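Numbering (our numbering), first residue to last: 649 to 896.
Set out below in structure tokens:
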């Protein structure tokens with residue numbers, strides 16, 4: 649979905665995701681001393697508002713102007729201050745590193761989400777915590793709800809492969825999330841939670857554009873050398889212009 653499609657979705661109802669914070673992020677944050685945080689792809693601000701209520705200084709970054717405006721209203725209603733900034737994570741760079749960076753349900757094609765995770769890592773201060781929470785690949789066949797495109801789903805192992813060499817992984821697991829249905833029954837959604845502690849402030853993380861360029865070059869590898877049954881997904885989401893890449 650592009651920016652316009654997300655804006656239209658957020659216009660459909662008062663709150664698309666409810667005002668209740670993600671239960672797994674609450675678990676992570678509850679064990680930390682309040683400080684400064686980024687909520688990347690934070691949408692309507694449900695997680696950021698909750699964190700602000702618990703002493704955190706939070707900035708939400710999201711590309712939907714409609715979601716951000718709803719987040720501002722939610723923060724006003726709850727009497728807290730949250731900084732809401734409109735930006736595409738593939739173009740955004742942090743102005744400072746923070747104690748906590750949360751990325752919750754950012755479901756994108758592989759190369760885009762990997763670039764976004766590395767940006768999140770770049771935004772995390774030395775000694776800080778990076779929390780990545782998403783719909784697990786297994787949810788498509790074994791769980792309830794969530795995106796129905798396997799391309800935007802992933803596992804905890806994938807996250808650790810991307811960020812594990814830069815952080816100390818303190819949690820990486822498949823989790824069950826109860827979902828209450830309108831008929832009073834409960835379904836189970838399958839998510840994954842990865843929490844890492846950044847060990848060094850001397851990170852040199854490639855920009856989203858440079859990573860996409862590198863991966864674009866990698867696509868020249870013959871498909872016969874790839875794992876059986878795996879074909880490379882589209883490099884960019886529909887409607888997004890490709891980066892200008894330098895060679896050599």
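All residues carry an ideal CB built from backbone N, CA and C; glycine is no exception.
Keep in mind it's a predicted model, so treat the numbers as computed, not measured.
Test item: CB-CB of residue i and residue j under 8 Å
i, j, result
"residue 783", "residue 839", "yes"
"residue 843", "residue 777", "yes"
"residue 745", "residue 773", "yes"
"residue 723", "residue 714", "no"
"residue 827", "residue 792", "yes"
"residue 701", "residue 726", "yes"
"residue 749", "residue 688", "yes"
"residue 846", "residue 775", "yes"
"residue 669", "residue 698", "yes"
Pick from the options that is closest to residue i, judged by C-alpha positions
i, options, result
"residue 685", "757, 798 and 751", "751"
"residue 659", "719, 696, 671 and 705", "719"
"residue 781", "733, 797 and 756", "756"
"residue 739", "768, 716 and 758", "768"
"residue 801", "841, 813 and 766", "841"
"residue 679", "693, 835, 779 and 796", "779"
"residue 766", "661, 813 and 706", "813"
"residue 716", "809, 736 and 693", "693"
Counted within 10 angstroms of its Cβ, other Cβ atoms place residue i as buried (16 or more) or exposed
i, result
"residue 770", "buried"
"residue 794", "buried"
"residue 712", "buried"
"residue 785", "buried"
"residue 821", "exposed"
"residue 833", "exposed"
"residue 825", "buried"
"residue 754", "buried"
"residue 806", "buried"
"residue 747", "buried"
"residue 835", "exposed"
"residue 829", "exposed"
"residue 868", "Interpretation of residue 868 is limited by its pLDDT of 41, a score under 50 that renders its predicted location unreliable; no figure is taken from the coordinates."
"residue 862", "For residue 862, the predicted model reports a pLDDT of 41, less than 50, meaning its position is unreliable; a value from the coordinates is still stated below. Per the 10 Å Cβ criterion, exposed."
"residue 650", "exposed"
Nearest-angstrom Cα separation, counted from residue j out to residue i
i, j, result
"residue 690", "residue 682", "18 Å"
"residue 673", "residue 695", "8 Å"
"residue 653", "residue 666", "19 Å"
"residue 656", "residue 817", "37 Å"
"residue 703", "residue 732", "17 Å"
"residue 798", "residue 789", "10 Å"
"residue 811", "residue 671", "23 Å"
"residue 734", "residue 721", "15 Å"
"residue 737", "residue 831", "37 Å"
"residue 808", "residue 662", "35 Å"
"residue 837", "residue 823", "8 Å"
Below-8 Å beta-carbon distance, residue i vs any chain B residue
i, result
"residue 703", "Within the model displayed, chain B is absent; a lone protein chain is all it includes."
Distance cut-off 7 Å: residue i Cβ against heavy atoms of the ligand GDP
i, result
"residue 777", "Looking for the ligand GDP in the displayed structure turns up nothing, as the structure carries no ligands at all."
- Task: Could you name each continuous beta strand (DSSP E) segment of 3 residues or more that falls completely within the segment 668-697, going from the start of the chain to the end?
- Result: 684-688
- Query: Fully enclosed by the segment 760-816, which beta strand (DSSP E) runs are 3 residues long or longer?
  - Reply: 772-783
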